[in-house]
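One structure is given below, encoded as structure tokens.
Numbering (my numbering), first residue to last: 55 to 174.
So this is what it looks like as structure tokens:
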């Protein structure tokens, strides 16, 4: 009668709930360059080991586990765009940052999608 947290049905429900409640605003990789050119701050919340395999040009790296300790290093006057490997941790980062008053959006698809689009 029970299924895992990452069951496809549960994941679809999480996405639907997010859309209905507006918990997190989502952007797509094709929008990122324009957002950054217009002043957005690109935040990579992946682990240091993941970053060793590649980084998005212009991104600032603060691992999710360290985010709460480094809120003072983030700009309050700019929109922050978060990403991780596949978007789960950046979703969490986005929720944390919103709770602290930051204007923030999450990139759909994470670094995996970005690296496949850019043949990295």
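All C-beta atoms in this analysis are idealised placements derived from N, C-alpha and C, irrespective of residue type, glycine included.
Between the Cα of residue 114 and the Cα atoms of 128, 103 and 157, which residue gives the shortest distance?
Considering only alpha carbons, the answer is 128.
Applying the criterion that 16 or more other CB atoms from any shown protein chain within 10 Å of the CB defines a buried residue, is residue 147 buried or exposed?
Buried, because 16 or more other Cβ atoms sit within 10 Å of the Cβ of residue 147.
What residue does the alpha helix (DSSP H) around residue 166 start on, and which one ends it?
164-171 is the extent of the alpha helix (DSSP H) around residue 166.
Out of 93, 70 and 117, which has the shortest C-alpha to C-alpha gap to residue 99?
Cα-wise, what sits closest to residue 99 is 117.
Just to confirm my understanding: we take residue 96, look at its own chain, exclude 5 residues before and 5 after, and list those with CB closer than 6 Å. What are they?
Excluding sequence neighbours, residue 96 sits near 90, 112, 113 and 135.
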